[in-house]
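Read the structure below first, then the notes.
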Amino acid sequence: MFVIKCPYCGERDQTEFACHGEAHIARPDNPAEVSDEEWGEYLFFRNNPKGIHFERWTHDHGCRRWFNVMRDTVSDKIIRTYKMGDQKPGVQDV
Amino acid sequence: MSNQNRTMFGGRIDRGQVINFVFNGKNYKGFHGDTLASALLANDVHLVGRSFKYHRARGILTAGSEEPNAIVQLGLGARTEPNMRATEIELYEGLEAASQNCWPSVNYDVGSLNNILSSIFPAGFYYKTFKWPPSLWLFYEHFIRKAAGLGYSPTAKNPDRYEQKFYYCDLTIVGGGISGLLSALAAGRSGCSVLLIDENPELGGYLLDYNFSINEKDGLKWIKNIVDELYSMDNVRILKRTTAMGYYDYNYLTALQKVTNHCDQLSKTTPRERYWRVRSKKIVLAQGAFERPLVFADNDRPGIMMASAGKKYLSRYGVLPGKSVVLFTNNDHAYQTAFEFNDKGAKISVIDTRENIDIRIQNKCDDLGIKLYSSSSIISTSGNKKVNQIEVQKVDRKQNELSGECITLDVDCILMSGGWNPAVQLFSQSRGKLKYDKVLNTFVPDKLIQDQIIIGCNNGCFDLSKNLNHSYQEGLNAAKDLNYEVAHNINWKGEEEISFTESSVEPYMFGKKKVTKGSKHFIDFQNDVTAADIFLAQREGYISVEHTKRYTTTGMGTDQGKTSNVNALALMSHIHEKPVDEIGHTTFRPPFSPQTFGAIAGRSVDHLFDPERRTSIHKWHEENNAVFEDVGQWKRPYYFPKKNENIHDAVKRECLAVRNSLGMLDASTLGKIDLRGPDTAKFLNMIYTNAWSKLEIGSCRYGLMCNEHGMIFDDGVTTRLGDDHYHMTTTTGGAARVMSWLEEFLQTEWLDMKVFCTSVTEQWTVLSISGPNSRKFLQELTDIDLSKENFPFMKFREGKVCGIDSRVFRISFTGELSFEVNVPSRYGRFVWEQFMHHGKKYNITPYGTETMHVLRAEKGFIIVGQDTDGSVTPMDMNMDWIVSKKKQDFLGKRSFTRSDTLRSDRKKFVGLLVNDKKTVLPEGSHIVEKALKQPPMKMLGHVTSSYYSPILGHPIALAMIKNGMNLLGEKVEIPLMNGKVIEATISDTVFYDKEGNKNNE
């Protein structure tokens, strides 16, 4: 069970959080203009990497804020947590 | 005769305190400090249970938590526990225990026939035999489960209390042996907060049973001093009788503390067990090692035990398990046991597999008159319920087989030692990597993954002085890492009578000899896995360790292979002629030992299992005979039966009251979200399928929410209270989900939108009054003008109701003239009672959720989650009218043009009227074109809602039917579970007041 550093509250037990899958998937600005394929990509397709993964979490039993987590799916180490809207960290930040 | 195997003196038991206990219905006596196993051995009881598969007689193999054989049913009635290790059960007055897996008794067990027939029960027997025909498995299973069971579970409710504790500290040390104690001491002296966990009732570990000195002084006294000092430190917490069960990511450790299990009087205030959830900065593993059995013919008879166990029974409990004893060993360390047995008056001989034995040991054996058979092996044992004779033969090293003359010895006890396996279970759980040590012939820790330290025998080091110094040093290092001012280092010198030095273990397998026919070489005692089974698995292609484990079941069961794993791997290595490293090992998983569900559940049982939410009127409902229904976590009145009324009578009365005069529903559980901010209208436009820009202040609008797949996921009425202020309602069950949904988009997609959402579900009590008399009735209690002209349908007004500031919404879920009166929750019951009082002349009738369902179904109003199931679009529900064509975008819109959502044969929401005018269809029933004798039949859809309508006098149903809107008036059939087939006709979804005049009156 992880210890997760909420960008607003600090380190807390995983039981206070919920994970919501891959991060940095932006909703298309104008859905009417995207093809079925592009829309399907947005709706259904997610990365499942062995290694660095970016995911969305919420501090449900705390501040209820959404934030992003950069996690290594092999070691389960959380490399970084950052606020929504913050720049996506690069591998060089690891 | 009692306690005939007890020595005159010695041991750490309290001979002044006699304890009476019962085993298999017979009374025995033991002493305070005994375990059930030691007390049984003291009373010369060796036959303790029957084995899992062959029902072979089994005794006590070990003296600790690794015990595979001596597992018993402990306690009676509601407190009975199966599969308890006799070697861990502390004796208490009145203890009752019994053997498992035997009938009619452990002495005369019918199941032992399996042993005679064992040649037809090899590994994989059940897989091979009971696979065909598949339909008969359920029949076989009943008998197999009965025959191969262990203990039984209690059938009564558990009377005890279990607690959970969350704990945070610098350092958790698992194991209170000498290594753990010294690490704790070093860290404790340096000021760290330390948690020390040990599964035994006494700290000190295995050294308590051995002769040793520290700095040339008596070792036991020295241990006592350390323990005393640790207990005196405020920053050190010690948990005895506590087993570390799971080691998870980020140094999260769970441990089970047996708080009162060993007491004869269970306290009402103290929990029976406490489950610890510990998060520490560092974890020190100091769990020591388990002695490894030797594999030889019929090595499982009662009277055969581990050498270290024999030593523990003798030294700690003052029990001599045999008078005529043989030690079978491949290492020096076990000789201490032989000397101790000799000293206490047993006649002992030693069989050592090794050719070259330390000359000092040979000399000492000579001095003591101990007969030593070097380079020899036990090749057979006999004795039905206890070992009584063995045969010994020389090992021919060149031929790798046994040869020469067989010597027969009469014995009543065999002590065996095949070396030691570090207890790497927790280390492995923590993702630590293991490596095979060729000197120790076992797996030892290699690579550490977490912020952890592994010390002592647990780390594969068996040198006392090294362990003392390393453990203390590691305690200091941990303190230094955590920025504590470190205490002084100390150098220790420890000496054991005989050390388990590195050079002295010889890998020993029984050799490629001709095994005596009919004998069994047990690898896994608990699961009855023999060497022959491992051979068979390899022959049949189950070569990977994971496959061998699952095919033979070695390493499974309640002991999880603590004594068997390494021998199984060594045998596989022998068969494949490959190093053990290349064979690999299976993965250890939590828990380390069996643990109770009670402890895992803790206090989350009965009414504390899930929070219960109650409205402010709940007490009134209770006082007025409401039957409750769970809706999410809410308790809602289901119906209010009067004397002698059943649910049908009550619902009929309630429904008619609403249709004919006045009814009242407690609708407080409805989700309510207060929305504020300049962008709220824009936000609602994105969230709901319909348009919100032009909604005036004081107006209400019904809205549907879809997810991005275009599927309906919630609905409700939202009202504009002010310029930038809205009041949203959601379904009862969907309230939290909707709140999270809104927050998700505000926080992750539209960060620039200024909208603030606040849940106000519990702040408002909602009294929904409905029926033709509702206006007349409410007008008498409010200063709001309720006239049709001044308060039309779908409007909102504020004012006093019964003198309380209220919000009144003119919306309707029944199709009748209705008002939803919202009052601050603290006035909820007051206003409800005022309504009940003043409404008497209108026969005001409180109604519950069932009546609510019937009334809305009569109008064809949907319930999200009942009529919809997450795969339904607004168009499927014929709700195109609520989907804006003008809006550029809203959640779900794009998916409405996906090919699947555009399919013309999608299921549509329709009404269904049974042709017999009396059958109320079961909800969920399948609808077919034509019912056949048996499937397959052409499926059209299913019934989503179904009730008897009192106002119409016949049943009504709602359904999802393929292409249903084009089938209006068509006949369909509904086959029921009881074989009957009901005919019905597809209709539209509005059954009552089709023109919709009633709520506009």
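So the protein lines, in turn, are chains A and B. If you're matching positions, the first sequence starts at 58 in this note's numbering and goes up one per residue. If you're matching positions, the second sequence starts at 12 in this note's numbering and goes up one per residue. Every residue, glycine too, gets a C-beta built ideally from N, C-alpha and C.
For D129 (chain A), no CB of chain B lies under 7 Å from its own CB, so it is not counted at the interface with that chain. Residues of the region 754 to 772 of chain B with a C-beta less than 8 Å from any C-beta of chain A: E754, E755, Q758, T759, E760 and L762, listed in chain order. When 8 Å is used as the limit between beta carbons, G142 (chain A) is near these residues of chain B: L762, in chain order.
Buried is the label assigned to T340 (chain B), since at least 16 other Cβ atoms lie within 10 Å of its Cβ.
Taking a beta-carbon distance threshold of 7 Å, R69 (chain A) does not count as an interface residue toward chain B. Along the region 859 to 927 of chain B, the alpha helix (DSSP H) occurs as fully enclosed runs of 4 or more residues at 860 to 870 and 910 to 913, listed in sequence order. Per DSSP, reduced to three states, the secondary structure at G568 (chain B) is coil, with no helix or strand assignment. Looking from the CA of Q404 (chain B), the closest CA among B:N395, B:C424 and B:L383 belongs to B:L383. Taking 3 residues as the shortest admissible run, the region 268 to 294 of chain B contains no complete beta strand (DSSP E) segment at all. The Cβ-Cβ distance between D423 (chain B) and G314 (chain B) falls below 7 Å. By the criterion of a C-beta distance shorter than 6 Å, D220 (chain B) is surrounded in its chain by K322, K323, S326 and R327, once the five residues flanking it on both sides are discounted.
Between G745 (chain B) and D763 (chain B), the C-beta gap is not smaller than 7 Å, which leaves the two residues out of contact.
Per DSSP, reduced to three states, the secondary structure at A345 (chain B) is coil, with no helix or strand assignment. DSSP places E79 (chain A) in the strand class (E or B) of the three-state scheme.
The beta carbon of F59 (chain A) falls within 7 Å of a beta carbon belonging to chain B, placing the residue at that interface. Between the C-alpha atoms of I390 (chain B) and D407 (chain B) there is a straight-line separation of about 13 Å. The region 654 to 667 of chain B and the region 737 to 757 of chain B do not touch, with fewer than three beta-carbon pairs separated by less than 8 Å.
Contact between Y99 (chain A) and R84 (chain A) holds, with the beta-carbon distance rounding to 7 Å and staying under 8 Å. Chain B places no beta carbon closer than 7 Å to that of P106 (chain A), leaving this residue out of the contacts. Under the criterion of beta carbons closer than 8 Å, K40 (chain B) and I30 (chain B) qualify as touching, at roughly 7 Å.
For A109 (chain B), there is no enclosing alpha helix (DSSP H); the residue is found in the beta strand (DSSP E) stretching over L106 to S110. Taking C-beta separations shorter than 8 Å and ignoring five residues to either side along the sequence, the partners of K168 (chain B) in its chain run A89, following chain order. At a cut-off of 7 Å between beta-carbon atoms, R84 (chain A) makes contact with chain B. When beta bridges are read from the DSSP output, N105 (chain A) appears opposite no residue.
Less than 7 Å separates the beta-carbon of I873 (chain B) from that of M888 (chain B). Around the C-beta of R61 (chain B), 16 or more other C-beta atoms lie within 10 Å, and the residue is accordingly described as buried. Only exposed fits N1008 (chain B), as fewer than 16 other CB atoms lie within 10 angstroms of its CB. Rounded to whole angstroms, the gap between the alpha carbons of N989 (chain B) and Q945 (chain B) is 13 Å.
Here V148 (chain A) is exposed: its Cβ has fewer than 16 other Cβ atoms, across all protein chains shown, within 10 Å. Near chain A, meaning a CB-to-CB distance below 8 Å, the residues of the region 261 to 275 of chain B are Y261 and Y263.
For D677 (chain B), the enclosing beta strand (DSSP E) covers residues G674 to D677. Proximity of P64 (chain A) to chain B, defined by a Cβ-Cβ separation below 7 Å, is not satisfied. Among the CB atoms of chain A, one or more fall inside 7 Å of the CB of R905 (chain B). If you draw a straight line from the Cα of M95 (chain B) to the Cα of G122 (chain B), it comes to about 21 Å. Between the beta-carbon of F788 (chain B) and that of I780 (chain B) there is about 7 Å, and that keeps the pair under the 8 Å contact cut. A straight line joining the alpha-carbon of I359 (chain B) with that of D343 (chain B) spans about 16 Å.
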